[in-house]
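Chemist:
Number of protein chains: 2
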Amino acid sequence: MQDFSELKQEFIQDYGEGYQHFGLPQLMGRIVGLLLFEGKPLSLDYITQELNVSKGPVSQITRRLRDHNLVQRKWVPGDRKDYYEAAPDIFGKAFVNRISLMKSNLALAQKYQEKIKDLNLDDELANFKINIEDMYAFYEMMIKHYNNFLEEWHSRK
Amino acid sequence: MQDFSELKQEFIQDYGEGYQHFGLPQLMGRIVGLLLFEGKPLSLDYITQELNVSKGPVSQITRRLRDHNLVQRKWVPGDRKDYYEAAPDIFGKAFVNRISLMKSNLALAQKYQEKIKDLNLDDELANFKINIEDMYAFYEMMIKHYNNFLEEWHSRK
DNA sequence: TTGAACGTTTGAAAATTTCCAAACGCTAAC
DNA sequence: GTTAGCGTTTGGAAATTTTCAAACGTTCAA
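The listed protein sequences correspond, in order, to chains B and S.
Just so you know, our numbering puts the end of the first sequence at 424, numbered straight through with nothing missing.
Just so you know, our numbering puts the end of the second sequence at 424, numbered straight through with nothing missing.
1) Say whether the region 373-386 of chain S touches the region 374-393 of chain B, bearing in mind that this needs 3 or more beta-carbon pairs closer than 8 Å, one atom from each stretch.
2) Give the interface partners of S/Asn319 over in chain B, defined as CB-CB distance under 7 Å, in chain order.
3) Spell out a yes or no on whether the region 334-344 of chain B and the region 358-376 of chain B are touching, meaning 3 or more CB-CB pairs, one atom from each, closer than 8 Å.
4) With a cut-off of 8 Å, do at least 3 Cβ pairs link the region 281-289 of chain B to the region 370-377 of chain S?
5) Where S/Ile397 and B/Ile298 are concerned, what is the direct C-alpha to C-alpha distance, given to the nearest angstrom?
6) In the region 278-307 of chain S, which residues sit with their C-beta less than 8 Å from some C-beta in chain B, listed in chain order?
7) So, is the C-beta of S/Leu274 closer than 8 Å to a C-beta in chain B?
8) For the candidate residues S/His412, S/Ser326, S/Glu407, S/Ile314, whose alpha-carbon lies nearest to that of S/Ile279?
9) In or out: S/Lys341 buried (at least 16 other Cβ within 10 Å) or exposed?
10) Would the beta-carbon of B/Leu294 fall within 8 Å of that of B/Ile328?
11) So, B/Asp312 versus B/Lys348, is the Cβ gap smaller than 8 Å?
12) Please go through the region 311-348 of chain S and give each complete beta strand (DSSP E) segment of 3 or more residues, from N-terminal end onward.
13) Is S/Leu368 close to chain B, meaning its C-beta is less than 8 Å from at least one C-beta of that chain?
14) Mapping DSSP to helix, strand and coil, what is B/Leu309?
15) Where do the ends of the beta strand (DSSP E) carrying B/Ala354 lie?
16) Using a beta-carbon distance cut-off of less than 7 Å, what residues from the region 334-362 of chain B approach chain S?
17) Have a look at S/Phe289 and B/Gly345 and give me their C-alpha separation to the nearest angstrom.
18) Please report the Cβ distance between B/Phe416 and S/Met409, rounded to the nearest whole angstrom; I am assuming they are in contact, meaning their Cβ atoms lie under 8 Å.
19) Give me the chain S residues within the contact set of B/Leu375, using Cβ-Cβ distance strictly less than 8 Å, ordered along the chain.
20) What in chain B is Cβ-close to S/His412, meaning under 8 Å?
21) Ordered along the chain, which non-local residues of its own chain (more than five positions away) have a Cβ less than 8 Å from that of B/Tyr403?
22) Buried or exposed: where does B/Val343 fall if 16 or more other Cβ atoms within 10 Å of its Cβ makes it buried?
23) Starting from the Cα of S/Asp390, find the closest Cα among B/Leu301, B/Arg365, B/Asn387, B/Glu305 and give me that residue.
24) I want to see whether chain B comes within less than 8 Å of S/Lys384, judged by CB atoms only; does it?
25) Taking Cβ-Cβ distances shorter than 8 Å, what residues in chain B pair up with S/Asn372?
26) Starting from B/Tyr350, follow its DSSP beta bridges and name the residues at the other end.
27) Which word fits B/Gly300, buried or exposed, when buried means at least 16 other C-beta atoms lie within 10 angstroms of its C-beta?
28) Which residues mark the beginning and the end of the alpha helix (DSSP H) in which S/Asp401 is found?
29) Does S/Leu301 come out as helix, strand or coil in the three-state DSSP assignment?
30) Roughly how many whole angstroms lie between the Cα atoms of S/Leu392 and B/Tyr406?
31) Just to confirm, are S/Asn394 and B/Lys424 a CB contact at a threshold of 8 Å?
32) Go ahead and label S/Gly323 buried or exposed: buried means 16 or more other beta carbons lie within 10 angstroms of its beta carbon, across all protein chains shown.
33) So that I know if they touch, is there some Cβ in chain B lying closer than 8 Å to that of S/Asn398?
See the structure below:
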């Protein structure tokens, strides 16, 4: 059995790498990982020293996380510092963000579907048309299922 | 109404940016976009000149795309060149890749669930335990819905 | 055996992203 | 007002990613 601090470091690192696999900054994942591990509001200074990074990046990334509703500020009475904690239902919130990405893919398909609707369909565009219709159908169905999932998730005990 | 070449360029650009939003190389998206637009096997040289990039990156990225089953080689008799085309059901294939990413998240939750199972649950780890259990439940349910979607997608007319 | 036509690999250049240190602005306490 | 304690912004440094040009290996034709 490993000790507390090792466990924390390992989790933070794993979580950071997980974020990287999604094309997001590793530091973003490490911050979220730290917040999930501690499970209580943390000051910017604490995060800074815990992750061995300077204030600048932490400030910028916590803002980005707040913009995406994954992290929120917590007022601590009698303390001028800002405290941050993981948003309630952070996984659901992250998923909502993903849905909007999918919606922009659907919108892309829709855009080109409309563009070629009026065009003369010679052989060249015929294949493109099929692919775009496929894409549209795919994302439409996908978003439907995403919403199903979200609904079930939010209605769990 | 815009002409054929403009439409192609715009689609390729949009598709490339779409890939970027997912944290993937823009060129990867532009290659996939070109393949979807043309809807027929294209040679490496053709892709190269069409996208204005040199052979190196195109060679590397088509390999990556083949590794992920999004693109496949097509044999053209009497021609020594390699031809590439979008894989059948490319959207479904891409989605399968995403499922395996989600599975690694589930595995992460599972890993830490097991690590802390035997540990003494003082107040510190209590919050972490809740978060990890939440994470596990979330990805478990998510993967179930993802598979539902894939099943419905594959069984569509 | 040579040469030509390919795709791949590789080392370095270019571009982008990440990160830091320091300056800055704001607020609260004195 | 001044000062101290914050978070944010910013210019540039560091690191990473992307891209290119060229060398390389392979295959096929002559």
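The beta-carbon is built from N, C-alpha and C at its ideal position, and this holds for glycine as well.
All figures in this text were calculated on a predicted structure; none of them were measured in a lab.
Modeler: Quick look at the numbers:
1) Result no; under three Cβ-Cβ pairs closer than 8 Å.
2) Contact annotation for S/Asn319 against chain B: no contact, minimum CB-CB distance about 21 Å [criterion: below 7 Å].
3) Under the 8 Å Cβ criterion, the region 334-344 of chain B counts as touching the region 358-376 of chain B, having at least three qualifying pairs.
4) Counting C-beta pairs closer than 8 Å gives three or more between the region 281-289 of chain B and the region 370-377 of chain S, which meets the contact rule.
5) It is roughly 18 Å from the alpha-carbon of S/Ile397 to the alpha-carbon of B/Ile298.
6) For the region 278-307 of chain S, the set of positions with a beta-carbon nearer than 8 Å to some beta-carbon of chain B reads Phe278, Asp281, Tyr282, Gly285, His288, Phe289, Gly290, Leu291, Leu303, Phe304, Glu305, Gly306, Lys307 in chain order.
7) Residue-level contact check: S/Leu274 touches chain B, since one or more beta carbons of chain B fall below 8 Å from its beta carbon.
8) Of the listed residues, the one whose Cα sits closest to S/Ile279 is S/Ile314.
9) Exposed, since its Cβ has fewer than 16 Cβ neighbours within 10 Å.
10) The Cβ atoms of B/Leu294 and B/Ile328 lie closer than 8 Å to each other.
11) Going by beta carbons, B/Asp312 and B/Lys348 fall inside the 8 Å limit.
12) Correct list: 338-341.
13) Using beta-carbon distances, S/Leu368 counts as an interface residue toward chain B, with a partner under 8 Å.
14) Strand at B/Leu309.
15) No beta strand (DSSP E) contains B/Ala354, which DSSP labels as neither H nor E.
16) Taking 7 Å as the Cβ-Cβ cut-off against chain S, the residues of the region 334-362 of chain B that qualify are Phe358.
17) Between S/Phe289 and B/Gly345, the C-alpha separation is close to 42 Å.
18) With a contact defined as Cβ atoms closer than 8 Å, B/Phe416 and S/Met409 qualify at about 6 Å.
19) Listed along chain S are Asp281, Tyr282, Gly285, each with a C-beta nearer than 8 Å to that of B/Leu375.
20) From the beta-carbon of S/His412, the residues of chain B found nearer than 8 Å are His412, Tyr413, Asn415, Phe416, Glu419.
21) Counting only Cβ-Cβ distances below 8 Å, and skipping sequence neighbours, we find Leu373, Ala376, Gln377, Gln380.
22) So B/Val343 ends up on the exposed side.
23) Nearest of B/Leu301, B/Arg365, B/Asn387, B/Glu305 to S/Asp390, Cα basis: B/Glu305.
24) False, the Cβ-Cβ gap to chain B never drops below 8 Å.
25) What S/Asn372 touches in chain B: Gly285.
26) Note: B/Tyr350 sits in a beta bridge opposite B/Ser310, B/Lys341.
27) Counting Cβ neighbours within 10 Å, B/Gly300 comes out buried, since at least 16 surround it.
28) Element bounds for S/Asp401: 390-421.
29) The DSSP-derived three-state label of S/Leu301 is helix.
30) Rounded to whole angstroms, the separation of the alpha carbons of B/Tyr406 and S/Leu392 is 40 Å.
31) Not closer than 8 Å, so no.
32) In the assembly as shown, S/Gly323 is an exposed residue. Its beta-carbon has fewer than 16 other beta-carbons within 10 Å.
33) Yes, contact with chain B.
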